[in-house]
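A.B. asks: No gaps in the numbering here: position 289 of the sequence shown is 291 in our numbering, and each next residue is one more. Note that beta-carbon positions come from the ideal geometry of N, C-alpha and C, so glycine has one too. Nothing here was measured: the structure is a model prediction, and the numbers come from that model.
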Amino acid sequence: MAMAFLSHTRAKDMKYQVGACLVTPAPHRLVAMGYNGMPDGRGFKDDKMDWGTEQSKYICHAELNAIIAAFRREADLSTCTLYVTHTPCDDCSKLVAQSGIKYVVFARPFHNGSAMNETLKRLPHPEITQYDMESECGNIAIDLKDLSIKLSKSSKTPPNDCAPAQKKGRRDVDFPLDDYFMSLAVLAKCRSVVSERVGACLVYKEPRRAISVGYSGNIDGLSDNKKTEYVCCAEFNAIVSAYRYHADLTSATLYTTGVPCSRCATKIIQSGIKTIVHGGEEKSMEPEAREVFYWGKVATLKYECQTKKPIIEIDLRRLVVDQREDGDGGGAE
């Protein structure tokens, strides 16, 4: 659900910002993400489109964008769960049902009133549930300056009023894509239970969309074993997750909170990835990895935070995402 909320910060609709995230059953792998926005390509430019009274005729909803992204990769959605920040509209409800999705978890009603629209109620599937706001890690704070993440239990009261903003139009977004993709990598690493926690996110070259995420962790089925020889790197897990759904990684970009090791370097070369944006120090990269990237013509770039508000706070109790400049806040990494 945190990834769905993180995704919705990229939405430019001033009235509604909606995010969606498709996930497999255990081990709960990311399949696709989406947020509401104008259509891609073919002459569509969101700064040229009508964001006034006619915007609803052009907007592609978050659920649609997530499902289309999954189908482009030939993903089987029959056992997937759709996490979405708001209940799907009538059209998206039909799309969810026809896509074979069996479970939908929403955070809040689309606006005041019934939690589910009539179309959702009448459908034989999917099974609909509302997200439990009483989460132990209800507050997630991502610091894009040092790529740290802090988890804590929110002490704030959940909102009673879920009404949309009254304004219509195009929303200015102070969340550049490089920061967005790196924040997905940081969010992914909080799932890691090994000593050296690393997160990674793979992104298409054009249009720039997240393909998969990964974090450093044990081989599936060995969750309690923390021996180094059983640990799979975040970069490796992101690549494997992408290939599970037939993603083409040619010219893709890999965002990682650390630096790839020499073993991952060869996998990166073989997968066709051309750019690495890393959060670690260049000097800490193994010489063998540096040599592989040099001869493989893979660009390695040090991540630099661009947004003026580098603290991204996801409050899953209040169901909001805040950006701020200062680093104040509680929690433990």
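What residues match up with alanine 202 in a beta bridge as DSSP calls it?
C.D. replies: Gly216 and Thr258
A.B. asks: What's the gap between the Cα of lysine 191 and the Cα of alanine 99?
C.D. replies: 32 Å
A.B. asks: Helix, strand or coil for isoleucine 278? Go by DSSP, reduced to three states.
C.D. replies: Assigned with DSSP and collapsed to three states, isoleucine 278 falls in strand.
A.B. asks: When the Cα atoms are used, what is the spatial distance from phenylalanine 183 to isoleucine 241?
C.D. replies: 15 Å
A.B. asks: Just the Cα atoms here: how many angstroms apart are threonine 131 and glutamate 315?
C.D. replies: 24 Å
A.B. asks: Cα separation between valine 107 and lysine 285?
C.D. replies: If I take the Cα positions, the gap works out to 44 Å.
A.B. asks: If you count every other CB in all the chains shown that lies within 10 Å of the CB of valine 188, and 16 or more means buried, which is it?
C.D. replies: For valine 188, the number of other beta carbons within 10 angstroms of its own is at least 16, and it is reported as buried.
A.B. asks: Count the CB pairs spanning the stretch 320-329 and the stretch 301-308 that are closer than 8 Å, and state whether there are at least three.
C.D. replies: no
A.B. asks: In the DSSP assignment, find the beta strand (DSSP E) that holds valine 106 and state where it starts and stops.
C.D. replies: 105-110
A.B. asks: With DSSP run on the structure shown, which of helix, strand or coil describes aspartate 181?
C.D. replies: helix
A.B. asks: Give the C-beta separation of glutamate 129 and cysteine 94 to the nearest angstrom, bearing in mind that I take them to be a contact with Cβ-Cβ under 8 Å.
C.D. replies: That pair is no contact at about 16 Å.
A.B. asks: Distance check for leucine 32 and proline 178, CA to CA, integer angstroms please.
C.D. replies: 22 Å
A.B. asks: Grab me the residues of proline 27's own chain with a C-beta within less than 7 Å of its C-beta, minus the 5 sequence neighbours each way, in chain order.
C.D. replies: Thr81
A.B. asks: Which residue's Cα is closest to the Cα of leucine 204: Ile61, Tyr60 and His280?
C.D. replies: His280
A.B. asks: Looking at the structure shown, is arginine 326 part of a helix, part of a strand, or coil, going by DSSP?
C.D. replies: Looking at arginine 326 - three-state DSSP - the assignment turns out to be strand.
A.B. asks: Compute the Euclidean distance between the alpha carbons of glutamine 19 and glutamate 293, then round it to the nearest angstrom.
C.D. replies: 44 Å
A.B. asks: Here's a check: name, in chain order, each residue in its chain whose Cβ is nearer than 6 Å to the Cβ of tyrosine 37, leaving out the five neighbours to either side.
C.D. replies: Ser9, His10, Arg12, Ala13, Gly21 and Ala64
A.B. asks: Quick check for students: name the residue ranges of the alpha helix (DSSP H) that lie wholly in the stretch 275-321, counting only runs of 4 or more.
C.D. replies: 289-297
A.B. asks: So what's tyrosine 232 in DSSP terms, helix, strand or just coil?
C.D. replies: helix
A.B. asks: CB-CB under 6 Å to aspartate 163, same chain, minus the five flanking residues each way: which ones, in chain order?
C.D. replies: Caution applies to aspartate 163, whose pLDDT of 47 falls short of 50 and renders its modelled position unreliable; the value that the coordinates give is listed next. Closer than 6 Å at Cβ, skipping near neighbours: no residue.
A.B. asks: Answer yes or no: do alanine 109 and methionine 5 have a C-beta to C-beta separation smaller than 8 Å?
C.D. replies: When the beta-carbon positions are compared, alanine 109 and methionine 5 stay at least 8 Å from each other.
A.B. asks: With H, G and I counted as helix, E and B as strand and the rest as coil, what does DSSP make of glutamine 132?
C.D. replies: DSSP places glutamine 132 in strand when its eight states are reduced to three.
A.B. asks: Within the same chain, show all residues whose beta-carbon is closer than 6 Å to that of cysteine 23, passing over the 5 residues directly before and after it, in chain order.
C.D. replies: Met5, Ala6, Met35 and Tyr85
A.B. asks: Determine the direct distance from the alpha carbon of glutamine 308 to that of aspartate 181, and round the result to whole angstroms.
C.D. replies: 7 Å
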